[in-house]
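This note's numbering puts the last residue of the first sequence at 614; the count rises by one with no breaks. Some notes on the structure that comes next.
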Amino acid sequence: MLELRPDIKSHLKEAIVQALGVLGLQELPEIIVQETPAGKEGDYGTPVAMGLARALRKAPPQIAADLVQNIQLPAWVRRTFVAGGYLNFELEPAFLVQAALEPIQPFPQTAGKVLLEHTSVNPNKELHVGHLRNICLGDSLARILRFAGRNLEVMNYIDDTGRQAAESLYALEYFGLGSPEGYGKYDHWVGDAYVRLHQEMEDPDKKVAIEQGVQKTLHRLEEGGLRLEVDKILRSQLQTIYRLGAEYNALVWESDIVREGLLAKAMKALEGSPYVSRPREGKYAGAFVMDTSAFIPGLEDPYLVLIRSNGTSTYTAKDIGLQFWKMGILEGIKFQEYDTQPSGTRLYSTHPEGLPMPFGGASETINVVDARQSHALRVVQASLEVEGRHDLAERCFHLAYETVLLEGKQMSGRKGIVVSVDEVLDEAVQRVRAVIAEKNPDHPSPQEAAEQIGVGAVRFAMIKTEARKQIDFRYDQALSFEGDTGPYIQYAYARAGSILRKAEEQGVSSERTDFSLTTSHEVALAKHLLRFPEVLQDAARNKAPHILAQYLLELAAAWSSFYNAKTPDGRPATPVLTAPEGLRGVRLELVKALRQTLKQGLELLGLQAPEVM
RNA sequence: GCACCCGUAGCUCAGUGGAUAGAGCGUUCGCCUCCGGAGCGAAAGGUCACAGGUUCGAGUCCUGUCGGGUGCGCCA
């Protein structure tokens, strides 16, 4: 019996390398082992012979035939043969199925800490669907990287000294708003005031006074005098974030970064560099500027202001300070416990009265930020080069995602042309409730299931497309429960669970297995299951959760296909519970493995796996 | 103007240089004689934007063109 799942492709590769040795090659080519396309003979194959034709002055089929003669393969390879220029392997069906039932090998732990920042939404209004993509992408990636063995720290940056926060807080004062009783969520209440303030500002007579008020509020924010007001908004936003299933290790407040002198220290650290200067004349007279031309080619004006001539620092300067802290160039922020998140993990936050804690100091960073900020992030990266830390500059990665359109149009938070995350989730859950009422009126816990499925549908819609593609948020698409959706995968999971429950009731759940009875249906499903570890590696390496999402769709489809398979005369071909003894055992084990993989995969995307739908 | 990203079926999208380019939605036709029809099977639908190039082999890599998006402030 096997214990851990064997890496079939690696074993085949090793055998090919060994066989190539006999051919007397100067250097080994890259060896690719892939699954054979549907309809072709064999299970796995390699095109290696084709690339060797010139060097060996032989036709690929001949080379492949030579390899067949010389290759030594494990006993589980039933047949080795040449197909076109390909060298194909057909495996023992029993082995393939058995292999798929074994637990996957744990991923080796990678050295060094990775700091991933996501969300980083201004604490001034409710979250909208544009933020949704960031949170889902960031949180899913975090789950995948952790599972793939990275030592990961997840951070959310709170821009509490920004203009947006100031405008919102001033709006409350301006309109004389007291408490939001009876209004609902606090962040919505503040957000509405913010939008109204911008409407007022269209009037030039009012604009001047409002501007003064905003500036005053901005100063109070910088002094830390409105921390509790900001915190109220932030906690309200966190409710939505938790509902989505996203969590962090630490919140980092901008005001704390500034107050602890990290910004000043970062600027001081840069001062010695030949790439920074304080011009006495010209456009930048009196400002502290950085020349990025050596690191970002092709710019018309490579100079970037870090400290304005009036002594205030730019947003970029703050980002540089943060990045220097993230990568351990600077130290000294204090943390304290902030919250216990729904999963039970503690959330910490920077705080003036906190204590030093081992956050930051990572050897690699990932910033999940909208693609429009690409230039700004390149500047931050360049600042590491300016600091002489090419090693670190290479290890800061911008996960850039394209913007989300709303029914084909650009959103605008300022104008209030948005759909809030709360609104979308509520609508999704409500629609699922209706589906459950129709399809499963006796559902034991419809509200709980509706929450899992509705939120899952929204999350999956945000994850399934590659990050660099613009997505158009359309209600009917994001809230669809059929086809390429989260609920499709959840349904596959629930159906598998249903079979296992029935097997339990009938007392056959741990029946003996007879792998000699394996049919092509089990093999097809097993081969999909076997891809899981490789897919995860791929998703982690490319920092691309959509790779896992696409795989889960394929796996669920393979299972649905198995579930519904029919014989040529239209009878069920793959019953589990009524299968002959021995084969029933094999199928039950396969269903268990499938369920486990679906659950694991859903969890890594941040979706729940409901037992009953 | 310069830079970055995108262009694959009517629509929305997959597709580590490798075998006949695949899904979902929509359209048409079938399937509860089994364990959940939020499902399955089938049909129709393609100049992989265009033109060159590299390669044994290009949707995938390179160059150019066209189309779309975004960025390039002493704003945040």
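No residue lacks a Cβ here, since even glycine has one placed at the ideal position from N, Cα and C.
Decide if HIS129 is buried, meaning its Cβ has at least 16 other Cβ atoms within 10 Å, or exposed.
Residue environment: HIS129 is assigned as buried (16 or more neighbouring CB atoms within 10 Å of its CB, all protein chains considered).
The beta strand (DSSP E) spanning LEU407 covers which residue range?
It spans 405 to 407 - the beta strand (DSSP E) in which LEU407 sits, taken as one unbroken run.
Indicate, with yes or no, if the ligand SAH has a heavy atom lying under 6 Å from the CB of GLU127.
Annotation note on the ligand SAH: not contained in the displayed structure, which lists no ligands.
The region 322 to 334 / the region 263 to 272 touching (three or more Cβ pairs under 8 Å)
At 8 Å Cβ cutoff, the stretches touch.
Look at the Cβ atom of TYR158, then the Cβ atom of ALA172, and state whether they are nearer than 7 Å.
Not closer than 7 Å, so no.
Who are the near neighbours of GLY25 in its chain, counting only those whose CB is closer than 8 Å to its CB and skipping five residues on each side?
Taken in chain order, the list of residues that qualify is empty.
Taking 8 Å as the cut-off, does the region 405 to 415 touch the region 308 to 316 (at least 3 CB pairs, one atom from each stretch)?
The answer is no - the region 405 to 415 does not touch the region 308 to 316, with fewer than three Cβ pairs under 8 Å.
Check whether the region 40 to 48 and the region 83 to 102 are in contact - that is, three or more C-beta pairs closer than 8 Å.
Taking a cut-off of 8 Å on C-beta distances, the region 40 to 48 touches the region 83 to 102, as three or more cross pairs fall below it.
In this structure, how does DSSP classify HIS352 when only helix, strand and coil are distinguished?
In the structure shown, the three-state DSSP call for HIS352 is coil.
Hey, could you find the ends of the alpha helix (DSSP H) TRP326 is sitting in?
Unbroken alpha helix (DSSP H) run through TRP326: 316 to 327.
To which residues does DSSP link GLU365 through a beta bridge?
In the DSSP secondary-structure assignment, GLU365 is bridged to VAL115.
In angstroms with no decimal places, state the Cα-to-Cα distance between GLN597 and PRO104.
GLN597 and PRO104: Cα-Cα distance of roughly 10 Å.
Count the CB pairs spanning the region 354 to 366 and the region 99 to 119 that are closer than 8 Å, and state whether there are at least three.
The region 354 to 366 makes contact with the region 99 to 119; the number of CB pairs closer than 8 Å reaches 3 or more.
Between the C-alpha atoms of PRO181 and TRP190, what's the straight-line distance to the nearest angstrom?
Rounded to the nearest angstrom, the gap between the Cα atoms of PRO181 and TRP190 is 6 Å.
Using 7 Å as the threshold, is the C-beta distance between LEU219 and ALA167 below it?
Result yes, Cβ atoms of LEU219 and ALA167 sit closer than 7 Å.
Would you mind giving the Cβ-Cβ distance between VAL587 and VAL98, rounded to the nearest angstrom? I have them listed as a contact below 8 Å.
Contact flag correct, Cβ pair sits at about 6 Å.
Our contact map puts GLU223 next to THR317 with C-beta atoms below 8 Å; I'd like the distance itself, whole angstroms only.
Between GLU223 and THR317 a beta carbon distance of about 17 Å is seen, past the 8 Å cut, so the two are scored as non-contacting.
Look up LEU153 in the DSSP assignment and give the residues it is bridged to.
Note: LEU153 sits in a beta bridge opposite VAL115.
Tell me whether the beta-carbon of THR351 lies closer than 7 Å to the beta-carbon of VAL253.
If you check the CB distance, THR351 and VAL253 come in under 7 Å.
With a floor of 3 residues, list each beta strand (DSSP E) that falls wholly inside the region 383 to 420, ordered by position along the chain.
You should have 397 to 402 and 405 to 407.
If we count the other Cβ atoms within 10 Å of its Cβ and call it buried at 16 or more, is PHE296 buried or exposed?
Under the 10 Å beta carbon count, PHE296 is surrounded by 16 or more other beta carbons and is classified as buried.
Could you tell me the alpha carbon to alpha carbon distance between PHE148 and GLN601, rounded to whole angstroms?
Each residue's Cα considered, the two are about 10 Å apart.
Among the residues of its own chain, which have a CB less than 7 Å from the CB of TYR492, if the five just before and after it don't count?
The answer, listed in chain order, is MET614.
Pull up the distance between the alpha-carbon of PHE533 and that of PRO62, whole angstroms please.
Roughly 32 Å separates the two Cα atoms.
Where does ASP477 fall in DSSP's three states?
The answer is helix: DSSP assigns ASP477 an H, G or I state.
Taking the alpha-carbon of ALA550 as reference, which of GLU201, CYS137, LEU300 and LYS207 has the nearest alpha-carbon?
Of the candidates GLU201, CYS137, LEU300 and LYS207, CYS137 places its Cα closest to the Cα of ALA550.
Where LYS284 sits in the DSSP three-state scheme
In the three-state reduction of the DSSP assignment, LYS284 falls in the coil class, being assigned neither a helical nor a strand state.
Should LEU53 and ALA16 be called a contact, given that it needs their Cβ atoms to be closer than 7 Å?
No, they are not a contact pair.
Residues that THR346 bridges to, as DSSP identifies them
DSSP lists no partner for THR346.
Could you name the residues of the same chain whose beta carbon sits closer than 6 Å to that of ARG432, not counting the 5 residues immediately before and after it, in chain order?
Correct list, in chain order: LEU480.
Starting from GLU91, trace the beta strand (DSSP E) in both directions and tell me its first and last residue.
Looking at the DSSP string, the run of the beta strand (DSSP E) that includes GLU91 is 87 to 92.
Quick check: the Cα distance between ILE454 and LEU68, rounded to an integer number of angstroms?
Distance between the alpha carbons of ILE454 and LEU68 is about 51 Å.
On the three-state DSSP scale, how would you describe TYR276?
In the structure shown, the three-state DSSP call for TYR276 is coil.
Report, in whole angstroms, the separation of the C-beta atoms of LEU556 and HIS529, which I expect to be a contact under 8 Å.
Contact flag correct, Cβ pair sits at about 5 Å.
Rounded straight-line distance, which links the Cα of GLU31 to that of ILE64
Rounded to the nearest whole angstrom, the C-alpha separation of ILE64 and GLU31 is 16 Å.
Using the C-alpha atoms, what's the distance from SER256 back to ASN276?
Before going on, a small fix: residue 276 reads as Tyr here, not Asn. Cα to Cα, the separation comes out at about 27 Å.
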